[in-house]
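Below you'll find the structure, written out as structure tokens, and then a few comments.
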Amino acid sequence: MTAAASDIILDRLTSLHPRIIDLTLDRVVRLLNALDNPEQGLPPVIHIAGTNGKGSTAAITRKALESAGMTVHTYTSPHLTRFHERIRVAGALIPEDTLIGVLEECEQRNAGNPITVFEITTCAALLAFARTPADYTILEVGLGGRLDATNVIDSPAVSVITPVSIDHQHYLGSGLADIAREKAGILKRNALAVIGPQEQRGLDVMTAVGAEVGATLKVHGHHWHVWDADGSIGYQDEYGALDLPRPGLPGPFQTVNAGCAIAALRLLRTPAGSIAAGLADVSSDDWPARLHRMTGSALFPKATGADIWLDGGHNPAAGRAVADALAEMPPRPTHLVCGMLNTKDPRQFLENFAGRVDTVTGVTITGEAASRSADDIAEAARSLSIPARTGTDVLSAVHRITADVPDSRILVCGSLYLAGELLRSTDAACRTQESEMNAE
27 MTAAASDIIL DRLTSLHPRI IDLTLDRVVR LLNALDNPEQ GLPPVIHIAG TNGKGSTAAI
87 TRKALESAGM TVHTYTSPHL TRFHERIRVA GALIPEDTLI GVLEECEQRN AGNPITVFEI
147 TTCAALLAFA RTPADYTILE VGLGGRLDAT NVIDSPAVSV ITPVSIDHQH YLGSGLADIA
207 REKAGILKRN ALAVIGPQEQ RGLDVMTAVG AEVGATLKVH GHHWHVWDAD GSIGYQDEYG
267 ALDLPRPGLP GPFQTVNAGC AIAALRLLRT PAGSIAAGLA DVSSDDWPAR LHRMTGSALF
327 PKATGADIWL DGGHNPAAGR AVADALAEMP PRPTHLVCGM LNTKDPRQFL ENFAGRVDTV
387 TGVTITGEAA SRSADDIAEA ARSLSIPART GTDVLSAVHR ITADVPDSRI LVCGSLYLAG
447 ELLRSTDAAC RTQESEMNAE
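Using the numbering used here, read the sequence shown as starting at 27 and increasing by one per residue.
Shown next, in the form of structure tokens:
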């Protein structure tokens, strides 16, 4: 497939990457100043940080606001199959010509100065958002919070911090308190903030930072509560109680993500009916690769007999959440196909699945230089007494399991990069099917 013009520009922008990777706002602020500060002309901003659940919270929030008749800009990361997924302008994926225009403008105004691709593309997204009318802007933090490229908003309508756990220690600090402090960097003076369920050490830090900057915190377990309730979810805050549908995204952990979104939406005075409609309407199409069922897709027709799932979670907390979700499914032989980056600890991730899965197949992520080897993954599984083997790639590994155990449940997991590899293969299979149908 021919590369899009925007892909060529993005490849060119990688040459501007600083020699030393450091988290700083200096490069972003410099470029935004050169662009006449588009971040100051955005619709009201909902800024979301956290370790896990940011994207699901953003998707639920967007769907609820749209159900209320609002138009919403959304910036998320990373993308899975094409870059355009990161930027929704007034609800629609950014058009190619618009993306080319803002990328080239940012490249020109940057004038060859060092800047990361995430930083310059964040500036491009803000530029696109500032030029298109909308009612709200949702910004998902890329990494951390305090020094993340999105943290250039002085007065968000509401900030949200989803559950925080250990991840990206080489950038954010080795302890939970350090990481929580970085996430709490999005809290702003006189601004409202929703705090999702946290370990006490993390909550103490967030509370202290909130007091330092003068933010008004609405904390889970104190100001708002959310719980599962016989096929629905219950929610309670100072405005009253709600009985709401479970979010259309699968997994018990989505109740917490829904709670974070609902708490933010209530602060924005979103009607309860719109919140309910957004929860019912959100699906894996809005936020793929998060306990995403692949069975019945062009790549894995139901005739294979296997039940195939995909999840891009890659840290211990995400592994625990997915393992708990598997435990709630009907009993069935269960096999993992796992690939991870070399910045992640496969043993810490896989220990959540010990005693819950029959085998692990380790794979190397195709085309990803920072991938752990298939042998690394398999060895980590064996150290946990999980039978393991290696596969040459994700597709062949899945097909090998379906051939050996036709009625199995298969979970492809460990990395959003691996998830993207599988979703791109699915898109290619869809295009092939369409071409064959058109030729008949």
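Every residue, glycine too, gets a C-beta built ideally from N, C-alpha and C.
Would you mind reading off the limits of the alpha helix (DSSP H) that contains residue i?
i: E238; result: Q226 to V239
i: G81; result: K80 to S93
i: E405; result: A400 to S409
i: P372; result: P372 to L376
i: H340; result: Segment: none, H340 is in no alpha helix (DSSP H) and carries neither H nor E.
i: V424; result: V420 to D430
i: G274; result: Here G274 belongs to no alpha helix (DSSP H), and DSSP marks it neither H nor E.
i: A137; result: That residue, A137, is in no alpha helix (DSSP H); it is neither H nor E in DSSP.
Taking all protein chains shown into account, decide if residue i is buried (16 or more other Cβ within 10 angstroms of its Cβ) or exposed.
i: N368; result: exposed
i: I34; result: exposed
i: A468; result: The displayed coordinates of the chain run from 27 to 466. Any statement about residue 468 would go beyond what the structure contains.
i: P273; result: buried
i: S103; result: buried
i: Q226; result: exposed
i: Q66; result: exposed
i: G365; result: buried
i: N139; result: exposed
i: T142; result: buried
i: H246; result: buried
i: P297; result: exposed
i: S441; result: buried
i: M355; result: exposed
i: D37; result: exposed
i: P413; result: exposed
i: G381; result: exposed
i: G240; result: exposed
i: A483; result: Any answer about residue 483 is impossible in this case: the structure gives the chain only from 27 up to 466.
i: A175; result: buried
i: S93; result: buried
i: D230; result: exposed
In three-state terms, what does DSSP make of residue i?
i: P356; result: coil
i: Y23; result: Absent from the structure is residue 23, since the part of the chain shown begins at 27 and ends at 466.
i: R108; result: coil
i: L362; result: strand
i: I120; result: coil
i: H194; result: Unreliable placement is indicated for H194, whose pLDDT of 47 sits below 50; the coordinate value is still reported in the next sentence. Looking at H194 - three-state DSSP - the assignment turns out to be coil, as it is neither helix nor strand.
i: G201; result: coil
i: M27; result: Confidence is the limiting factor: at M27 the pLDDT is only 42, short of 50, which leaves the residue's position unreliable, though a coordinate-based value still follows. Three-state result, M27: coil.
i: D62; result: coil
i: R415; result: strand
i: V128; result: helix
i: T385; result: strand
i: S310; result: coil
i: I179; result: coil
i: A255; result: strand
Going by Cα to Cα distance, which pick from the options is closest to residue i?
i: R398; options: T418, G299, G266 and D230; result: T418
i: N63; options: G138, A203, L42 and C149; result: C149
i: S181; options: L68, I120, S258 and H99; result: L68
i: H361; options: L305, V431, I74 and L106; result: V431
i: T428; options: T321, L410 and A344; result: T321
i: S411; options: G222, N378, L153 and A154; result: N378
i: W250; options: R108, I221, D256 and L58; result: I221
i: T242; options: D312, A210, L448 and V54; result: A210
i: A454; options: R373, K370 and A324; result: A324
i: V115; options: V128, T100, H105 and F109; result: T100
i: Y162; options: R108, G446, D204 and V98; result: V98
i: L169; options: A234, G76 and K244; result: G76
Let's see if you can read the secondary structure: which residues bound the beta strand (DSSP E) around residue i?
i: K244; result: T242 to V245
i: S185; result: V184 to I187
i: E166; result: Y162 to E166
i: D333; result: D333 to L336
i: T50; result: Taken as a continuous stretch (DSSP letters only), T50 belongs to no beta strand (DSSP E), as it is neither H nor E.
i: L218; result: L218 to I221
i: R114; result: I113 to V115
i: R435; result: R435 to C439
Could you round the C-beta distance between residue i and residue j to whole angstroms and report it? I think they count as a contact, below 8 Å.
i: L173; j: L49; result: 4 Å
i: S451; j: R358; result: That belief does not hold up - the Cβ atoms of S451 and R358 are roughly 24 Å apart, past 8 Å.
i: I164; j: R88; result: 6 Å
i: A90; j: L291; result: 5 Å
i: T416; j: A404; result: 5 Å
i: I259; j: L270; result: 5 Å
i: I187; j: A219; result: 7 Å
i: A183; j: P70; result: 4 Å
i: C439; j: V348; result: 6 Å
Residue i CB to nearest chain B CB: under 9 Å?
i: D430; result: Included in the structure is just one protein chain, with no chain B present.
Compute every distance between the C-beta of residue i and the non-hydrogen atoms of the ligand ZN, then say whether any falls below 8 Å.
i: R38; result: Ligands in the displayed structure: none, and consequently the ligand ZN is not present.
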